[in-house]
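Residue numbers (the numbering used here): 132 to 345.
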């Protein structure tokens, strides 16, 4: 069954954990193409319904004795049956997975835990501003950079102005400047010269590589 602990990295303890937690539920559901059937953000009447494969459609050849069929007709009948059996197996697998997803539980959790749009945006703003003003501290470089990527991604997905354009990159450069002034200076020059938004992940990846090779 799906529990509140989806992985060792995501434990649903409150509204702040909801986006990451539900995104992992979504990822698991997509493996079986089931998200349209369980999405707690949709009204029940708008959810897709998983339908059992119908019986094999009859053809005139089905009424003939096998001895009266051509080799091609026999193969066609066998192929249609194999296709139906495969569809039935997939249906059974998806039905089992759907039961494990516990649709009703997901909807209740969303009602109880998921933050409202206003509260969610406020939480994201707090998270981003805390990240850009705090130093790496006792965290490893990878942990710190991964936190930047994760926070940036959810803020960007929510359309937060704080990370629009190159703002997120500027904040990151300011944060690493005390540790890597030369690298930060080079990046600031590149920002001034650039007329297009720079990819945030590419900047993080470059900095990660520079630090590991230094």
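Just so it is clear, CB atoms sit at the ideal spot from N, CA and C, and this is done for glycine as well.
Keep in mind that this is a model prediction, so the values were computed, not measured.
With DSSP collapsed to three states, give me the class of residue i.
i, result
"residue 142", "strand"
"residue 310", "coil"
"residue 286", "helix"
"residue 300", "helix"
"residue 218", "helix"
"residue 280", "helix"
"residue 179", "coil"
"residue 184", "coil"
"residue 136", "In this predicted model, residue 136 has a pLDDT of only 37, less than 50, meaning its place in the structure is not dependable enough to derive any value."
"residue 162", "coil"
"residue 201", "coil"
"residue 295", "coil"
"residue 316", "helix"
Mind checking which residues open and close the alpha helix (DSSP H) that includes residue i?
i, result
"residue 270", "Neither: residue 270 is in no alpha helix (DSSP H) and is coded neither H nor E."
"residue 237", "234 to 244"
"residue 334", "331 to 344"
Throw me the rounded Cβ distance for the residue i and residue j pair, which I believe falls under 8 Å.
i, j, result
"residue 168", "residue 178", "6 Å"
"residue 150", "residue 335", "Actually they do not touch by this definition, with Cβ atoms about 20 Å apart."
"residue 181", "residue 225", "6 Å"
"residue 319", "residue 304", "6 Å"
"residue 259", "residue 293", "5 Å"
"residue 228", "residue 163", "4 Å"
"residue 236", "residue 160", "Not really, about 13 Å apart at Cβ, beyond 8 Å."
Inset, instruction - Assess, as a yes-or-no matter, whether the region 277 to 284 is touched by the region 242 to 253 under the definition of 3 or more beta carbon pairs within less than 8 Å. - result: Too few Cβ pairs lie closer than 8 Å, so no.
Inset, instruction - Count the CB pairs spanning the region 244 to 254 and the region 205 to 223 that are closer than 8 Å, and state whether there are at least three. - result: Note that the region 244 to 254 does not touch the region 205 to 223; fewer than 3 beta-carbon pairs, one per stretch, sit closer than 8 Å.
Inset, instruction - Examine the Cβ distances between the region 138 to 155 and the region 217 to 227 and report whether three or more of them are shorter than 8 Å. - result: Too few Cβ pairs lie closer than 8 Å, so no.
Inset, instruction - Give a yes or no on contact between the region 318 to 338 and the region 252 to 268, applying the rule of three or more CB pairs nearer than 8 Å. - result: These segments do not touch.
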